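Line order of the protein sequences matches chains P and C. Whatever position you read off the first sequence (first residue = 1), add 139 for the working numbering. Numbering follows the working numbering, in which position 82 of the second sequence is assigned residue number 74; successive positions increment by one, without gaps. C-beta atoms are modelled at their ideal positions from N, C-alpha and C, and glycine is treated no differently. Small disclaimer: the values here were computed from a predicted structure and weren't measured. Structure first, then comments.
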Amino acid sequence: AQRVTQPEKLLSVFKGAPVELKCNYSYSGSPELFWYVQYSRQRLQLLLRHISRESIKGFTADLNKGETSFHLKKPFAQEEDSAMYYCALDAGGTSYGKLTFGQGTILTVHP
Amino acid sequence: EAGVAQSPRYKIIEKRQSVAFWCNPISGHATLYWYQQILGQGPKLLIQFQNNGVVDDSQLPKDRFSAERLKGVDSTLKIQPAKLEDSAVYLCASSLSSYGQYFGPGTRLTVT
Chain P
140 AQRVTQPEKL
150 LSVFKGAPVE
160 LKCNYSYSGS
170 PELFWYVQYS
180 RQRLQLLLRH
190 ISRESIKGFT
200 ADLNKGETSF
210 HLKKPFAQEE
220 DSAMYYCALD
230 AGGTSYGKLT
240 FGQGTILTVH
250 P
Chain C
-7 EAGVAQSPRY
3 KIIEKRQSVA
13 FWCNPISGHA
23 TLYWYQQILG
33 QGPKLLIQFQ
43 NNGVVDDSQL
53 PKDRFSAERL
63 KGVDSTLKIQ
73 PAKLEDSAVY
83 LCASSLSSYG
93 QYFGPGTRLT
103 VT
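The structure is reproduced here in structure tokens:
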């Protein structure tokens, strides 16, 4: 069975500092990885997916199959980045669309 | 476009009572999901519908939970009877393609 681990429950940085939210997964196949974000008083929303290889709000994430990681990075954190971040995995195949979420990391960006 | 709608937003019940949640997905989204999110944890998939058929309900506690999606649009999730450990936020999500899932605001259930 697949598993997603986000080792940091809380992460605090200062505005302008680089930030990296860690995500590790265990799955023997070729999964699809996502980052979801939940800002205060808002619903959970998709931030980015690895297949798109895009940068959203300055965030990027690279899938490292050797290390089974999908860390989320931003070179210069902003106060508006403060939120709960979830890493999620879609195993595909017969489980297509079924997301397995990590426990989440609360990011706080201090002014 | 309108987002995923859920009601009620909050519900407080006593254990052994019944409760039902409603979800209206984004128009045209064939796939609908119900998740349970216990405080401090990530969402856990309970059931996945494709149109009005069940794709995956392996993590649904079928002795007390049931869900249906009539006519492939709206869906209801029911708990009967509720237990204390059912206290959680119940999230509904829908998707059209492989791009990603769109979530509703959730229903916060407290069982006393």
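query	result
Drop a sphere of 10 angstroms on the beta-carbon of P:Y178, count the other beta-carbons inside from all chains shown, and report buried for 16 or more, exposed for fewer.	exposed
Counting only beta-carbon separations shorter than 8 Å, does P:R192 have a partner in chain C?	no
Three-state secondary structure (DSSP) at P:S221?	coil
Name the chain C residues whose beta carbon is nearer than 9 Å to that of P:Q242?	G32, Q33 and G34
C:E60 to P:A216, Cα distance in whole Å?	43 Å
Quick one: what does DSSP say C:G45 is sitting in, helix, strand or coil?	strand
For C:L88, I'd like the list of residues in its chain whose CB is within less than 8 Å of its CB, leaving aside the five on either flank, ordered along the chain.	I18, G20, H21, A22 and T23
Flag this pair as yes or no: are the beta carbons of P:T244 and P:R142 separated by less than 8 Å?	no
Start and end of the beta strand (DSSP E) containing P:L186?	Q184 to R188
Which residues in the same chain as C:D78 place their Cβ atom closer than 7 Å to its Cβ, once the five residues preceding and following it in sequence are excluded?	I71, L101 and V103
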